[in-house]
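Everything on this sheet refers to the single structure shown next.
In the working numbering, the protein residues as written are 827 to 1086.
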């Protein structure tokens, strides 16, 4: 006769496995965005790599076992299509962005500045608005925005970029206030010098971009990605509000020690 104290075989003895959390990264086709997808996949997230160069995202998705989606953060229809394709998402990393040109304010290229604002600021706005409903449904959401030390410092020739990154910083702080009391964390990651395609795009010349890092060991995309992965794997009650990360040879935007 069976022991009357033994549990019935029909009764589950353990809780079901928790749902695997999903992280979506914009600007994931290269640089910090691509490195972040790899870091979050290694941390156990189901990943969605999203960018305009979707073929690069598809290659990355095959590497990490995630998904790839086309995304232009400056296009409303593209953002809407992204939201329709991702009904569940817990972490969104806003990595899409960039700087164009180094003109002085008096010589400012209005179209270039507008393009920077559209990508860096309005791009975050569009994606955030589109994905926040899905994030709220999960009950433990995390918004990560890739800012810059240009979000609280200035330097000659950086007026356009510092203006938009100051806006990004203000946007993050405002979201933090507006969603206070909700299970939504907001983290701004503010790197200093990072060697990626950033300077090539900004200066339009690989040789000129290389000179930016002469005599310096800059941060790598992986360095920043590991900080992002650390931030989003803290317990739900812990929010790393703003994380500033620089190479040891950089004190601020204007002071860099270069080896001779």
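Think of the CB as a built atom: it goes at the ideal place given N, C-alpha and C, for glycine as much as any other residue.
For clarity, every value in this text was computed on a predicted model and none was experimentally measured.
Burial state of residue i (16 or more Cβ within 10 Å)
i: residue 850; result: buried
i: residue 894; result: buried
i: residue 1006; result: exposed
i: residue 920; result: buried
i: residue 966; result: exposed
i: residue 984; result: buried
i: residue 982; result: exposed
i: residue 1074; result: exposed
i: residue 865; result: buried
i: residue 996; result: exposed
i: residue 922; result: buried
i: residue 1036; result: exposed
9 Å Cβ cutoff met for residue i and residue j
i: residue 1071; j: residue 1015; result: yes
i: residue 1058; j: residue 1069; result: no
i: residue 915; j: residue 957; result: yes
i: residue 871; j: residue 912; result: no
i: residue 1012; j: residue 1067; result: yes
i: residue 863; j: residue 848; result: no
i: residue 890; j: residue 972; result: no
i: residue 896; j: residue 907; result: yes
i: residue 979; j: residue 901; result: no
i: residue 1041; j: residue 1086; result: yes
i: residue 955; j: residue 976; result: no
i: residue 1047; j: residue 861; result: yes
i: residue 854; j: residue 1055; result: no
Residue nearest to residue i in terms of C-alpha spacing, selected from the options
i: residue 772; options: 926, 1057, 919, 1019; result: The structure shown has nothing for residue 772, since the chain only spans 827 to 1086.
i: residue 1022; options: 876, 1045, 910; result: 1045
i: residue 903; options: 1002, 953, 986; result: 953
i: residue 987; options: 1042, 906, 933, 974; result: 974
i: residue 1064; options: 1017, 968, 873; result: 968
i: residue 939; options: 950, 925, 861; result: 925
i: residue 1092; options: 1008, 885, 979, 996; result: Absent from the structure is residue 1092, since the part of the chain shown begins at 827 and ends at 1086.
Spatial distance of residue i from residue j (CA atoms)
i: residue 875; j: residue 930; result: 35 Å
i: residue 803; j: residue 899; result: Not covered by the structure: residue 803. The range shown for the chain is 827 to 1086.
i: residue 1039; j: residue 963; result: 44 Å
i: residue 859; j: residue 852; result: 7 Å
i: residue 935; j: residue 846; result: 45 Å
i: residue 927; j: residue 941; result: 11 Å
i: residue 877; j: residue 1080; result: 32 Å
i: residue 961; j: residue 932; result: 42 Å
i: residue 1004; j: residue 881; result: 36 Å
i: residue 884; j: residue 892; result: 9 Å
i: residue 1061; j: residue 970; result: 15 Å
i: residue 937; j: residue 943; result: 10 Å
i: residue 1084; j: residue 999; result: 34 Å
N- and C-terminal bounds of the beta strand (DSSP E) containing residue i
i: residue 1014; result: 1010 to 1017
i: residue 1078; result: 1076 to 1078
i: residue 968; result: 967 to 972
i: residue 872; result: 872 to 877
i: residue 920; result: 917 to 920
i: residue 997; result: Careful: residue 997 lies outside any beta strand (DSSP E), inside the alpha helix (DSSP H) at 985 to 1004.
i: residue 1069; result: 1068 to 1071
Element boundaries [alpha helix (DSSP H), containing residue i]
i: residue 1085; result: Run containing residue 1085: none; DSSP gives neither H nor E here.
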